Each structure stands twice: as structure tokens, then as C-alpha cells.
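The structure appears below as C-alpha cells.
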Amino acid sequence: MPSLNLVPASTLDYRHLAKKKLPRNLFDYIDGGAYSEATLAANTANFEALHIKQRVMRDVSNIDTSLEILGERWAMPLALAPIGLAGMMARRGEVQAVKAANHANVPFCLSTVSICALEEVASATIQPFWFQLYMMRDRGYVRDLLGRAKSVGVKTLVFTVDLAVVGARYRDVRNGMAGGLSTLGKLRAALEYPLHPAWAFDVGVKGKPHVFGNLSDKVPTAKSVADFKSWVDTQFDPSCTWKDIEWLRAQWDGHLIIKGILNVDDAKSAFAAGADAIVVSNHGGRQLDGVASSISITPRIRNALGDAATIIMDGGVRSGQDVLKARASGADAVLIGRPWVWALAARGQAGLHKLLATFKAEMAVSMALTGATSIVEITDGVLDLGN
Ligand SMILES: Cc1cc2nc3c(=O)[nH]c(=O)nc-3n(C[C@H](O)[C@H](O)[C@H](O)COP(=O)(O)O)c2cc1C
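Each residue of the sequence shown is one higher than the last, beginning at 0 in numbering that gives the first Met the number 0.
Written as C-alpha cells, this is what we have:
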């Protein structure tokens, strides 16, 4: 974004502002993906490559972007994805995010590894929020977390299945976020803080405590991905199978969404194990680099599962027009990850609020110019497949 621009207009404008505001290691932690970041790039490139059909001379004076999913009415088919450490990007970040989501009437999903705890987010929200969970070896601890979630009003659990082990993200390695910093490296990393004084004051000074709020009894600090990784290595359960989802299903009587599905067989297994919905996701290109983009996989999963299955997708959604493309490709709704964190880092709750309004406006314009007045009218007929 050229420096003369006074008002951020698009997701990438917020990314640009976040880059200036955040210490480099935090910006790269959000921005990066695994290995050569090929899947990360494909997630957005494949959205851009999709063409849509312009339709004219239809009555588009009333556009309704709202829809009902899992018994709730959303203002548009979009929810905020779970993002670990979001509270390091802005002061008590998850609290600001849930308030912005409330305002826009879209769901907010709290990560297991958030800075703000379930209880802190619950005290700030006026709508139920979602909770994302990873399977831990200590099933008693999983049950405790589920109990905490339920007691603060969580009705929808998002269970993430694509992080049996943590994918290698080279940017985090280079920045020492994955550990291994020399003394000189630590000194250079510390210099990043005075170089970003607005962040240092907002988060470094005023945003404490910097702990994994939900896990503070288990993980004493949350300053780095290294803390997270060492905890994951010892606590996450790589032996988890669909049988464990059946166990989880028996513990949780709310909605269950399985996140991190990339093929038809796994999608069928998720529903067979009791899922109410799935998220077609490659974890934003942060896990297995080399897999196809989520948007390219979504149509085949919809075709195999039929119309009745609730299918959400994420990865690469950067505008309201992308939401329309995702719907036309077979998704009921999308999650956005990086976009919401960039807006939050750049401008806090007000920035995220504005970004969500922008998504909605972009959706409405895209619907009007493709001739769709309601969400159900966004079918694959909206896509220009050259036929
Ligand atoms: C910085 C960052 C942290 C993330 N942390 C989590 C997490 O704690 N739990 C989870 O299920 N997914 C996590 N994800 C994945 C997102 O929920 C989501 O799948 C992904 O960001 C979607 O891609 P997008 O960023 O292109 O929108 C994270 C993604 C990013 C970028």
C-alpha cells in the first residue's frame, strides 16, 4: 500500500499495516507457511484463477447475504478461524476479536492456544463463541477443557485433525521462533521491540499476561512458538484416530465440526464418527506443504457428500468475492484466518470490525453483479467454467 493511502481498503492493506506494526517474528508467524509455502501460495492463487459470470438486467435491489448454519443465523457465510497466539498481535486480542465478530454477527472461534482464556472471552461476548480443540494425551485434561467450554456457553466445538505433528515453518526457524537462538540472535530479536513501539506498548506492556490462557496451568509462558512446539510435542496425541472422535462425540453434546479434511474418504469418516460439519482445510498452508489448495478440493468433497452435508472451507479467502467463489464451489461457508489477524494487529477491534464490513459489502456487490440476490442463489452456475 503506497504511504499516501489514508484508509485501508482491502485485506492486503491490513496486511501491509500489520507488517509495519508488528515485530518481524510475529508478522512472519502469521504470514508464513510450511516449507516452500507452495500450498500457501496455491490457496490464494487458485481463488484468483476462478472466473465468475457477470449477469445483467436482473432485479438486484435487495441483496441478502445472511444464512443459517448449525441452527444459527449468520450475517454472511463467514466465521473467524481459530488462531493460536492471536493475543500477541493486539492487546487481549481474542477479546477484541470476539467483540468485532459479535458486532458483525458472525461466529468467532477461540483457539486452544489462545492468549485469552475461555472465561475471559466469555465475559466479553454477547453471543456464544466456538472453541477449537486439539487432542491431548491426557484425556482427563481434554474432558476438563470441554467442561470449561460448556460452562461458559460454548455450543460448537471445532476439533482440528491436521496437526498430529507440527509442520516445519522455515520463517519461524529463521526468526528463532522455533527455538535455537544464539545470544547474539536473542539480542537482535530483542531489538525488534523498540523498533515497534506501538506494539511494544499495546501488547508488550499493556497486554499481559502473555500465557496460553486455556493451558496456563500446563504451559507457563507463551512468548514463542518454541514454547508451543515443545508443549505440542509432549502433549498432543499423534496416535489419535476416528475412534477417538467417537469418544469425543460421546463427551460433547453440542455441535462438532471437524477441521482439516482434504479428501473424500476422510470427509466420510468424519461424518460417520459423528461430526455435524467439516472444514475443508490445509491449515492455511502451514502443515503439509505440497497438498492442493482447499478451494480446488472443495467441489469434489461436495460432489461426493451431496447437498445435505454442512461443508465449510478455509485457506486463501481474502475478499467477499472469494466467499462467493467458495459458495459457488460447494462450500456452505468459509473461515478466514490471516485476514482477521492482520486487521486486528493493524487497527485493533475497530480495524477488524471494518474489515468484516468490507467483506460483507464485497459479497453484496459480487452477488448483485452475478445476479444472485440470496445465498441459496449462489450455485456453481455463478462460475465461468468456459462452457
Ligand atoms: C498464525 C496462525 C495460527 C493458527 N492457529 C491455529 C490454531 O490454533 N488452531 C487451528 O485449528 N488452526 C489454526 N490456524 C489455521 C487457521 O485456523 C485456518 O485454518 C487458516 O488460517 C485458514 O487460512 P487463511 O489464513 O488463508 O485464511 C492458524 C493459522 C494461522 C495463520
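We put the CB at the ideal spot given by N, CA and C, even for glycine.
Since the model is a prediction, treat every value here as computed from it, not as a measurement.
(message) Which runs of the beta strand (DSSP E) at least 3 residues long sit entirely within the stretch 143-208? Give them in chain order.
(response) Within the stretch 143-208, the beta strand (DSSP E) runs of at least 3 residues that lie entirely inside it are, in chain order, 155-159.
(request) Report all residues from its chain with a CB closer than 8 Å to the CB of aspartate 63; omit the five preceding and five following residues, and keep chain order. (result) Once the five neighbours on either side are set aside, the close Cβ partners of aspartate 63 are Thr372, Ser373 and Ile374.
(request) Can you give me the start and stop residues for the beta strand (DSSP E) that isoleucine 68 sits inside? (result) Segment 66-68, the beta strand (DSSP E) holding isoleucine 68.
(message) Assuming contact is defined by CB atoms lying nearer than 7 Å, are proline 76 and histidine 195 in contact in what I supplied?
(response) No; because the gap between Cβ atoms is not below 7 Å, this pair is not in contact.
(request) Verify whether the separation of the beta carbon atoms of aspartate 288 and alanine 44 is less than 7 Å. (result) Judged by beta-carbon spacing, alanine 44 lies beyond the 7 Å limit of aspartate 288, meaning their Cβ atoms are not closer than that value.
(request) Name the one or two DSSP bridge partners that valine 278 has. (result) Paired residues: Lys258 and Ile311.
(request) Let me know the secondary structure DSSP gives methionine 88 once reduced to three states. (result) If DSSP states are grouped into helix, strand and coil, methionine 88 belongs with coil.
(request) Verify the contact flag: isoleucine 277, CB atom, against every heavy atom of ligand 1, threshold strictly below 6 Å. (result) Every heavy atom of ligand 1 is 6 Å or more from the Cβ of isoleucine 277, so no.
(request) Could you work out which residue in Thr111, Ser268 and Ala360 is closest to valine 218 when comparing CA atoms only? (result) Selection Thr111, Ser268 and Ala360 evaluated against valine 218 yields Thr111 as nearest (Cα-Cα).
(message) When you compare the CB positions of valine 290 and aspartate 313, do they come within less than 7 Å of one another, or not?
(response) No, these two residues do not count as a Cβ contact at 7 Å.
(request) Using the Cα positions of arginine 57 and glycine 370, report the straight-line distance between them to the nearest angstrom. (result) Going from the Cα of arginine 57 to the Cα of glycine 370 covers about 6 Å.
(request) Out of Thr233, Thr155 and Ile125, state which residue places its alpha-carbon closest to the alpha-carbon of arginine 248. (result) Checked all of Thr233, Thr155 and Ile125; the closest Cα to arginine 248 is Thr155.
(message) Nearest by alpha-carbon distance to aspartate 243: which of Val55, Cys115 and Arg138 is it?
(response) With respect to the C-alpha of aspartate 243, the residue from Val55, Cys115 and Arg138 having the closest C-alpha is Arg138.
(request) Output the distance between the C-alpha atoms of serine 181 and glycine 166, rounded to the nearest integer angstrom. (result) Cα-Cα distance, rounded: 23 Å.
(request) Would you check whether ligand 1 has a heavy atom nearer than 6 Å to the C-beta of histidine 209? (result) No, ligand 1 has no heavy atom inside 6 Å of this Cβ.
(message) Tell me the DSSP secondary structure of methionine 366 in three-state form.
(response) DSSP places methionine 366 in helix when its eight states are reduced to three.
(request) Sort Val120, Ala103, Trp251 and Leu384 by Cα distance to leucine 351 and report the nearest one. (result) Measuring C-alpha to C-alpha distances from leucine 351 to each of Val120, Ala103, Trp251 and Leu384 identifies Ala103 as the nearest.
(request) Taking leucine 39 as the reference, give the member of Glu376, Gly284 and Val322 with the closest Cα. (result) When each option's Cα is compared against that of leucine 39, the closest is Gly284.
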